[in-house]
Each structure stands twice: as structure tokens, then as C-alpha cells.
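In the working numbering, the protein residues as written are -12 to 265.
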């Protein structure tokens, strides 16, 4: 991760609990003033923006948030609207819902809304994404790939993301949809990139320091290919199974932390030994 984040990022693996304890969504709104601050729900990724806005508005109201607004970009022209740019500028927390990550990047990339989002993050606005909204957080995003399959070069499509955090690649619904194969294929194509797979109802909270802490009921998987000794990714035939030696895998649960700068994990109790980075 070559560049630090200004505002916190909360990256959710999708299907977060909205009916029970709502642990992750409590964490989402726990860092703002629920009486005064504005939450902006960006429904750009979904084809059902009204339903998505209603669903999350209901949940955040239950959690005590007063000021909730929606941002729906249906076409690129909407990203030029002053009213939409103002919504981003006034937000203390921006929440990207699930859907299709390519809708987000293709509709707002290179527009004033995108500039406003970067500005918001720089001033300390919390940026949250779930499912497709999680995938767009990094500078390289997984767009499409086969679930529950052996890693093959031909099964993965990638595209530029929004770039709130650099040098990583995120995949969501990870264990539930068997996505380790496609994430391995992604990092094989550039081993400098750290692969992060996030289970459903699980999230990482990424601080400005580069420390990511796990929250939720599942696990987060960090795949580091920097030290691989062999890969056939550049030589294989279109449909050949990937071969890659010496990949590092770290599996973290709630409370565990990962330093995105050093690419090393540590337990919550040992955080003070990590030079108080967080």
C-alpha cells in the first residue's frame, strides 16, 4: 500500500447482518455523531436503488442515525449535477451498496463526483463499501470470475477501481462462494498486489496508519505472492490450471489486525508491540 488513506475505510464482504445484532453496521455508524452528521447511501451499483436506499435507511434509523440521504447515479450526466456533488461534500460517511462494481466505476470515474469523493476521503469522511461496493475500494478490482473453481487465467476479469487504497485487490462473499481460486489468479498476474478475501457478515476497518482490523462473524484472508518461486501465469494456455509456489496465506478473525504496509498480521493484544501504529 503505497499511499495512506485519510478517512477510515470500512470494507464489508457482503450480506452483513441487518436484522440481529447488526455488529458491522453498528461499527459503521459508531464513528460519527448520529445526531448531527450526514450518512450518504450511494446506490450506484444496484439496479434497484429505491429498494436499497429504503433498506439501509431503515437499518440506520434503527441504529439512531438522524440524517440519511441517498446518492443515485443512473448515468454519467448525473455525476455532473451540482446537487449530487453537494451531497458528497456534506457527508460524514458514504456507504456504497452492493450490485455491479462496474456500474460504479463506469458511471463516476473521471467525473466531478469522483473528485468530490477523493476530496471527502482526504478531509476525513468515512468511506464504506459492501459486496460490489467493497470491490471498488482498491485501485485494481475483480469484476468477474468463476466461483468454486480451480484457478485459471481465463476465468478472471479485472478493471481499475476507485483507488481509495492502493496495492491491494479485494474479493467478497469469499468462503461462501468459493472465491480463493480467482483471487489467486489475480495476484499471480502481479505478485506485488496483496489479495484480500472477505467473508460475508465480515469487514475490515482500515485506518490512516494502514492497520486493518477484522470485525464480524467470518474470516478475512490475506494472500501475499511477493515471495513466490514459480508461476506459470504468463506461459499457460488459455484454460490451463494455474501453478504457483510459495504463496503466503494469513487467516484472520474478529479482533485480529493486519499491517497493510508491512503485509504482516498481529493479534489485538499485541498491537502495542507494533510501535503503536494504530
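Every residue, glycine too, gets a C-beta built ideally from N, C-alpha and C.
Cα-Cα separation between residue i and residue j, rounded to whole angstroms
i           : j           : result
residue 200 : residue 194 : 8 Å
residue 46  : residue 230 : 44 Å
residue 1   : residue 118 : 4 Å
residue 102 : residue 241 : 33 Å
residue 145 : residue 124 : 13 Å
residue 51  : residue 151 : 28 Å
residue 48  : residue 40  : 12 Å
residue 113 : residue 61  : 23 Å
Buried versus exposed, by CB contacts within 10 Å (16 or more), residue i
i           : result
residue 64  : exposed
residue 88  : buried
residue 20  : exposed
residue 224 : exposed
residue 187 : buried
residue 140 : buried
residue 217 : exposed
residue 232 : exposed
residue 166 : buried
residue 135 : exposed
residue 147 : exposed
residue 17  : exposed
residue 243 : buried
residue 238 : exposed
residue 249 : exposed
residue 57  : buried
Where the beta strand (DSSP E) containing residue i begins and where it ends
i           : result
residue 54  : 54 to 58
residue 117 : 113 to 117
residue 210 : 207 to 211
residue 63  : First-last for residue 63: undefined, no H or E at that position.
C-beta atoms of residue i and residue j nearer than 8 Å
i           : j           : result
residue 197 : residue 247 : yes
residue 176 : residue 220 : yes
residue 98  : residue 66  : yes
residue -6  : residue 108 : yes
residue 24  : residue 71  : no
residue 93  : residue 228 : no
Run of the alpha helix (DSSP H) containing residue i, from where it starts to where it stops
i          : result
residue 92 : 88 to 95
#### Entry: the region 123 to 140 in contact with the region 155 to 166 per 3-pair CB rule at 8 Å
Result yes; three or more Cβ-Cβ pairs closer than 8 Å.
### Query
Three or more beta-carbon pairs under 8 Å between the region 172 to 189 and the region 200 to 211, yes or no?
yes
### Query
Are the region 4 to 11 and the region 161 to 173 touching by the rule of at least three beta carbon pairs closer than 8 Å?
Proximity of the region 4 to 11 to the region 161 to 173 falls short of the contact definition, fewer than three beta-carbon pairs being nearer than 8 Å.
### Message
I'd like to know if the region 83 to 97 and the region 20 to 36 are in contact, where contact means that at least 3 CB-CB pairs between them fall below 8 Å.
### Response
They touch, by the three-pair rule.
### Message
Within 8 Å, do at least three Cβ pairs link the region 70 to 77 to the region 94 to 110?
### Response
Yes, since at least three Cβ pairs between the region 94 to 110 and the region 70 to 77 fall closer than 8 Å, the two stretches touch.
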